[in-house]
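A.B. asks: The structure that follows is given in the form of structure tokens.
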Amino acid sequence: MITIKSFIPDSDSSQLPEPTHKAMVSTATFKGLSISISVVDVRDVAAHTNVPIGRTLIWPASYAVRLDSFEIQRQQVIAETLKARLIVIELPGVGINMAAEMPLAHKLSLLTGNFTPSAQAMLGALFEIVSFGDGDEIEFLLYSQGAALGVAMIAELGNNTFNVQLKIPRVTIIEAVNDQPWHALPLLAAIRSEDQYADRYLNDNKAYPWLVRPTNVTAAKKRRNRKQQINLLLAGAGLRRPFIPILLKAIKEDRLHNTTGIRSARIDIIKFNASRVSRLEKNSHSIKQLTATMSAELVSLTIVSAPEGQSGYHHPAIHSMPIMETISRELLK
């Protein structure tokens with residue numbers, strides 16, 4: 004028995020004040036790679052110890068994502084809604100640093116659907132910038148292709164690659180694209196069909212004068228060099244390989260070695276009802292696989308539908324800051 008929930012955001016209930024916490028963007032060098040990381044910290048501080056208290060969430064950026072003002076404002080909205088620390092890590096070779104270059108080993112791995120080298124580099128950069136101690140908790144908030152990166156990170160933490168014992172109490176996957184296998188051509192067709200809806204969600208932001216639109220896509224493509232275009236194609240090619248088997252293996256390993264606690268983590272998959280990129284039947288199968296190896300009470304699938312009078316929600320719905328504020332407030336707390 005799997006848990007499938009329905010959720011209809013009320014756009015009138017969105018509480019979207021201008022963000023008051025700035026993002027701290029830094030670039031770390033890990034094994035010769037320049038990787039940028041953005042941190043928005045809205046946690047409370049304990050009165051007597053002056054130590055921050057609250058959740059820390061990791062968001063691995065998807066391919067073609069740069070840590071610009073548009074991406075950071077979503078990070079601010081989520082962090083401020085949750086009163087949490089949200090850390091966004093760019094994918095090596097395709098992020099904010101236009102001179103960055105993806106190593107050959109990463110390219111070959113992505114070609115076979117293996118995100119481990121990229122995940123290792125992203126974790127290495129994270130630990131260069133943010134200090135963690137054994138027993139600290141981090142959650143993963145994953146979207147689209149970032150889910151494959153996040154699951155690869157979870158596996159690496161379970162392997163204790165970086166000699167730090169972090170605990171993972173929760174994993175939330177928004178729009179799980181490659182939880183189950185995809186063939187390349189149908190995947191590309193689905194992604195292309197969803198792109199046409201982006202403006203609908205960007206237009207939601209016009210009511211808030213402090214929100215910005217994304218960097219002009221055409222201009223960005225002109226600036227992007229050929230190597231970066233190849234990197235993006237490779238990252239997309241990696242989506243053919245499903246990530247659920249890797250997550251199931253991490254759960255099994257944690258049951259044996261008690262490293263990250265992922266075996267008893269809360270795992271939620273959130274799907275936009277009209278999205279062709281995430282597939283309900285595949286998401287449901289993923290939930291069944293997870294409940295076969297962990298408590299069914301820990302696992303859920305939530306279908307997010309548009310309010311009455313609107314057409315369904317699509318893959319780019321995360322571009323609407325009012326939608327993301329409502330989802331954060333209602334589903335991520």
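Going left to right, the sequence shown walks through residues 4 to 336 as our numbering numbers them.
Ideal placement from N, C-alpha and C gives every residue a C-beta, glycine not left out.
#1: Do the segment 301-319 and the segment 195-215 make contact, defined as three or more Cβ pairs closer than 8 angstroms?
#2: Rounding to the nearest angstrom, what Cα-Cα distance links residue 286 and residue 302 in this structure?
#3: Starting from residue 120 and walking both ways along the alpha helix (DSSP H), at which residues does that stretch end?
#4: In three-state DSSP terms, what is residue 60?
#5: Using DSSP bridges, identify the partner residues of residue 47.
#6: Contact defined as beta carbons within less than 8 angstroms: I believe residue 246 pairs with residue 207. What is the distance between those atoms, to the nearest angstrom?
#7: Of all the options 308, 251, 280, 264, which has the alpha carbon lying nearest to the alpha carbon of residue 296?
#8: Count the other CB atoms within 10 Å of the CB of residue 336; is the residue buried (16 or more) or exposed (fewer)?
#9: Grouping DSSP H, G and I as helix and E and B as strand, with all else coil, what is residue 93?
#10: Report the residue from 305, 131, 180 whose alpha carbon sits nearest the alpha carbon of residue 37.
#11: Just to check my reading of the structure: residue 45 and residue 26 have Cβ atoms closer than 8 angstroms, yes? What is that Cβ distance to the nearest angstrom?
#12: Going by alpha carbons, who is nearest to residue 18 out of 160, 81, 123?
#13: Would you kindly check if the distance between the Cβ of residue 265 and the Cβ of residue 177 is under 7 angstroms?
#14: Hey, how far is the Cα of residue 35 from the Cα of residue 276?
#15: What's the call for residue 107, buried or exposed, on a 16-neighbour Cβ count within 10 Å?
#16: Starting from residue 204, trace the alpha helix (DSSP H) both ways and give me its first and last residue.
#17: Tell me the residue span of the alpha helix (DSSP H) that contains residue 144.
#18: Restricting to runs no shorter than 4 residues, where is the alpha helix (DSSP H) found entirely within the segment 237-305?
#19: According to DSSP, simplified to helix, strand and coil, what is residue 9?
#20: By the DSSP assignment, the beta strand (DSSP E) with residue 33 in it spans what residues?
#21: Secondary structure at residue 86, three-state DSSP: helix, strand or coil?
#22: Is the Cβ-Cβ distance between residue 28 and residue 70 less than 7 angstroms?
#23: Less than 8 angstroms between the CB atoms is what I'm expecting for residue 174 and residue 142, so what's the real figure, rounded?
C.D. replies: Put simply:
#1: yes
#2: 12 angstroms
#3: 119-132
#4: strand
#5: 56
#6: Wrong, their Cβ atoms sit about 29 angstroms apart, outside the cutoff.
#7: 251
#8: exposed
#9: coil
#10: 131
#11: Incorrect: roughly 11 angstroms between the Cβ atoms, too far for contact.
#12: 81
#13: no
#14: 42 angstroms
#15: exposed
#16: 201-206
#17: Note, residue 144: premise wrong, no alpha helix (DSSP H); beta strand (DSSP E) at 142-146.
#18: 247-260, 283-294
#19: strand
#20: 27-33
#21: coil
#22: yes
#23: 7 angstroms
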